[in-house]
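In what follows, a single structure is set out as structure tokens and then discussed.
Chains as they are written, first to last, in the working numbering: chain A, 1 to 262; chain B, 263 to 527.
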């Protein structure tokens, strides 16, 4: 009697056990399917350690001359991509808010879900033949793929606003447009700008990959140095990329916190 | 009725003009500099739209006859993503717990783990793929290992942040009655943190299915490899088919994980 009172009912345990079991089974099937073997696994740590040795010392001369310009290009790609996405997503976010425009919102949400499903790299594959190899294609790809996420997050922010000011503007004879300008925008802009900054951080990382398909930035340099096994040069690429990305994260993060808190 | 009440508007809040001009100036300069740096031009874009429409014509309709040959690499992508999520998901658990300020074992461990996590997150998946490819050869095994590292970075970052936001009453109570650190984690923190964990693991799985496309481009198995050959041969109808397949898979996974997340909430 007292024993039973001490143990909480365990209805969820059955469900959790089944899930674990299914995941474990899927995992084993996958291991078998890609012909994974324990011998390989035993080999990996040594092989990786051996490989990592040849990354040292980083070739910093190469770093300053060739990598830094590429990183700058990556930052520029991310910036233009974010600007494109910000400009396109702001009106979309307003129209995508169920509470403001119930009819249009559904369509806008569908469009943003589709845009989100395309990874940057796929869009870059299409933009490269259109505008040619280079950073411009990367910026367009990043811009278009960011629109989806920014629209979704922005619409959620707009849906969560206090409706008092909107009603006040409309009650005193203001139009829908005026309500957007004086009641909605002032409430949502800080949070939306914070999302833009966050997306900029993500885009910096994304733009470091786009080089793989020839869309500019540091990704191409990294791929070249890695595939020709110029590992000391690759180490310089990685080192500089990490430092720059972390620095931008820190700056942008502190600006975001300031915007949200003020 | 005729006398109108005097309405006085409240004074407009003063604007911090130097700050505003500074921010606007910075944004404009940064945009102009970047636009110039990457060779942004609307003129080029508009002129090349014709080329774009030709490309779109070439990529439509998708080559449905290509589906049978797509099946095997597609399954490989899913397998790689499953392995990456499971391995990375398990390894992320201790890393995330030690990186949460309220649960960690000591400031030194917290600091080391947090920096480790940040660096892990910043290393591109491309690097992992190449690193493991040189250890085990190009192929799905390298891809699965690379995705494991990528998954550790994603889950530990997100989860450590939500662990920092849990209600500390329960863990503190367990400590106060003499529970060990492990008991505090297991009975105090996990019940609150587990739903978030599951949700992030599902999110990581989605990301992994997408990322396996990038990995394939550098030869680490999965659907990206076939994508690369078709793109190099300008078989854009097949490229469209591959992209369509990935899109449908991602959307299905998103639906399923959304349903699971709703049940957890």
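Glycine included, each C-beta is placed from N, C-alpha and C at the ideal position.
Since this is a predicted model, take the numbers as computed values, not measurements.
Rounded to the nearest whole angstrom, the C-alpha separation of residue 270 of chain B and residue 278 of chain B is 24 Å. Residue 78 of chain A sits away from residue 254 of chain A, with the two beta carbons spaced by 8 Å or more. Burial is judged here by how many other beta carbons sit within 10 angstroms of a residue's own beta carbon; residue 43 of chain A has fewer than 16 and is exposed.
The residue from A:105, A:204, A:189 and A:229 with its alpha-carbon nearest to that of residue 259 of chain A is A:189. Within the segment 20-80 of chain A, complete alpha helix (DSSP H) segments of at least 4 residues are found at 38-53, given in chain order.
A residue is called buried once 16 or more other Cβ atoms fall within 10 Å of its Cβ, and residue 64 of chain A, having fewer, is exposed.
When 7 Å is used as the limit between beta carbons, residue 493 of chain B is near these residues of chain A: 125, in chain order. Between the C-alpha atoms of residue 340 of chain B and residue 479 of chain B there is a straight-line separation of about 16 Å.
Here residue 484 of chain B really is in contact with residue 405 of chain B; their C-beta atoms are around 6 Å apart, less than 8 Å. Secondary structure at residue 274 of chain B: coil, using DSSP grouped into helix, strand and coil. Taking C-alpha positions only, residue 371 of chain B is separated from residue 422 of chain B by approximately 14 Å. Rounded to whole angstroms, the separation of the alpha carbons of residue 418 of chain B and residue 237 of chain A is 25 Å.
Rounded to the nearest whole angstrom, the C-alpha separation of residue 323 of chain B and residue 126 of chain A is 15 Å.
Residue state for residue 194 of chain A is assigned as helix, using DSSP reduced to three classes.
Contact between residue 508 of chain B and residue 343 of chain B is absent: CB atoms are separated by about 11 Å, not below the 8 Å threshold. For the segment 459-472 of chain B, the set of positions with a beta-carbon nearer than 8 Å to some beta-carbon of chain A reads 472 in chain order.
Between the beta-carbon of residue 411 of chain B and that of residue 443 of chain B there is about 27 Å, and that puts the pair past the 8 Å contact cut. With respect to the 8 Å criterion, residue 85 of chain A and residue 217 of chain A are not classified as neighbours on the basis of their beta carbons. Boundaries for residue 325 of chain B: no alpha helix (DSSP H) harbours it, and the DSSP string shows neither H nor E there.
Look at residue 220 of chain A here: in three-state DSSP terms it is helix. Residue environment for residue 296 of chain B: buried (at least 16 other C-beta atoms within 10 angstroms of its C-beta). Exposure of residue 227 of chain A is indicated by the presence of fewer than 16 other C-beta atoms within 10 angstroms of its C-beta. Within the segment 284-314 of chain B, contact with chain A at the beta-carbon level (separation under 9 Å) is assigned to 289, 292, 293, 295, 296, 297, 298, 299, 300, 301, 302, 303, 306, 307, 310, 311, 313 and 314.
Against chain A, a Cβ distance below 8 Å from residue 396 of chain B picks out 47, 51 and 229. By a beta-carbon distance limit of 8 Å, residue 464 of chain B does not contact residue 396 of chain B. Their separation comes to about 31 Å. Here the alpha carbons of residue 72 of chain A and residue 100 of chain A stand approximately 40 Å from one another.
The beta carbon of residue 88 of chain A sits no closer than 8 Å to any beta carbon of chain B. At least 8 Å separates the beta-carbon of residue 482 of chain B from that of residue 415 of chain B. Where residue 458 of chain B is concerned, the enclosing alpha helix (DSSP H) starts and stops at 452-479. Along the length of the segment 303-362 of chain B, whole alpha helix (DSSP H) runs at least 4 residues long occupy 304-320 and 329-361, reported in chain order. When DSSP states are grouped into helix, strand and coil, residue 112 of chain A belongs to the helix group.
Counting along the chain, the unbroken alpha helix (DSSP H) around residue 498 of chain B starts and ends at 498-526.
Collapsing the DSSP output to three states places residue 400 of chain B in coil. Neighbourhood of residue 134 of chain A in chain B, by CB distance below 7 Å: 301, in chain order. Counting only Cβ-Cβ distances below 7 Å, residue 223 of chain A has contacts in chain B at 388 and 480, in chain order.
For the segment 58-73 of chain A, residues whose beta-carbon sits nearer than 9 Å to a beta-carbon of chain B comprise 72 and 73.
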